[in-house]
Amino acid sequence: TGEDFRCSQGSSFPQKTVYELLEEGNRTWKYYYNDSAWVSFVEFFDTPRGQRGMETYDKFYEACESGKLPSFSFLLPRQGTNETTGDGSNDDHPCHDVALGEKLLKDTYEAIRASPAWNRTLLVVTYDDSGGFYDHAPLVTGVPAPDDIPSCSTKTDYTL
Numbered sequence: 002t003g004e005d006f007r008c009s010q011g012s013s014f015p016q017k018t019v020y021e022l023l024e025e026g027n028r029t030w031k032y033y034y035n036d037s038a039w040v041s042f043v044e045f046f047d048t049p050r051g052q053r054g055m056e057t058y059d060k061f062y063e064a065c066e067s068g069k070l071p072s073f074s075f076l077l078p079r080q081g082t083n084e085t086t087g088d089g090s091n092d093d094h095p096c097h098d099v100a101l102g103e104k105l106l107k108d109t110y111e112a113i114r115a116s117p118a119w120n121r122t123l124l125v126v127t128y129d130d131s132g133g134f135y136d137h138a139p140l141v142t143g144v145p146a147p148d149d150i151p152s153c154s155t156k157t158d159y160t161l
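Residue numbers (the working numbering): 2 to 161.
1) Here's the rule: buried if 16 or more other CB atoms are within 10 angstroms of the residue's CB, otherwise exposed. What is residue 60?
2) For the beta strand (DSSP E) holding residue 31, just list the boundary residues, first then last.
3) Would you list, in sequence order, the uninterrupted beta strand (DSSP E) runs of no fewer than 3 residues that lie entirely inside the segment 64-90?
4) Going by DSSP, which residues form a beta bridge with residue 56?
5) Between which two residues does the alpha helix (DSSP H) carrying residue 26 extend?
6) Which term fits residue 33, buried or exposed, when burial requires 16 or more other beta carbons within 10 angstroms of its beta carbon?
7) Please confirm whether residue 101 and residue 89 have their CB atoms less than 8 Å apart.
8) Identify the continuous alpha helix (DSSP H) that holds residue 100 and give its terminal residues.
9) Relative to the C-alpha of residue 22, which residue among 116, 51, 35 is closest?
10) Pull up the distance between the alpha-carbon of residue 79 and that of residue 45, whole angstroms please.
11) Classify residue 29: buried if its beta carbon has 16 or more other beta carbons within 10 angstroms, exposed otherwise.
12) Quick one, are the C-beta atoms of residue 128 and residue 98 less than 8 Å apart?
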């Protein structure tokens, strides 16, 4: 995922983010998060433009109810335990309770289905890690980066 992406202090990605490209295409977007906006690996979210696009998950449900979803909604599950409520991770990472992740997915689907925007909404669910219950086949061996710069870390706590 986004952890330890920088091999040297001060390095960054030169590419535009998908959020910047959406704005250039006159598309609206929001990045909805559960308890904390875990986006430190994307410097764009440290800018005023990035901050304007961030909302809590309850705002997603409100947008569904009003039928005023942006053109693109990015949803971030809870990736740790909420210290105030005690709610657990609902991100479907290995070792987390998959029932919480499935409930989040169900609640998200139901909110979209009940929305006036239902007929013009597409829900796509993706996972960014290997080794979870969603993998149906082992991953292929990775290839070296084209710039020949070695990865910062090849460690993973996932097994296939």
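Glycine is no exception: its CB is placed at the ideal position from the N, C-alpha and C atoms.
On a predicted model such as this, the values are computed, not experimentally measured, just so you know.
Inspection of the coordinates gives the following:
1) Your numbering for residue 60 matches position 59 in the sequence shown. Exposed.
2) Here residue 31 is taken as the residue at index 30 of the sequence shown, counted from 1. Run containing residue 31: 30-34, per the beta strand (DSSP E) assignment.
3) 73-77
4) The residue labelled residue 56 in the question sits at position 55 within the sequence shown. Paired residues: 33.
5) The residue you call residue 26 lines up with position 25 of the sequence shown. It is not in any alpha helix (DSSP H) - residue 26 carries neither H nor E in the DSSP assignment.
6) Translated into positions along the sequence shown, residue 33 becomes position 32. Residue 33 should be labelled buried.
7) Reading the sequence shown from its first residue, position 100 is the one you call residue 101. Reading the sequence shown from its first residue, position 88 is the one you call residue 89. Yes, these two residues count as a Cβ contact at 8 Å.
8) In the sequence shown, counting from the first residue as 1, residue 100 sits at position 99. Looking at the DSSP string, the run of the alpha helix (DSSP H) that includes residue 100 is 99-114.
9) Your numbering for residue 22 matches position 21 in the sequence shown. Nearest of 116, 51, 35 to residue 22, Cα basis: 51.
10) Residue mapping note: residue 79 aligns to position 78 of the sequence shown, counting from 1. Residue mapping note: residue 45 aligns to position 44 of the sequence shown, counting from 1. Their Cα atoms are separated by approximately 21 Å.
11) Here residue 29 corresponds to residue number 28 of the sequence shown, with the count starting at 1. Flag for residue 29 reads exposed.
12) Within the sequence shown, numbered from 1, the residue matching residue 128 stands at position 127. Within the sequence shown, numbered from 1, the residue matching residue 98 stands at position 97. Result no, Cβ atoms of residue 128 and residue 98 do not sit closer than 8 Å.
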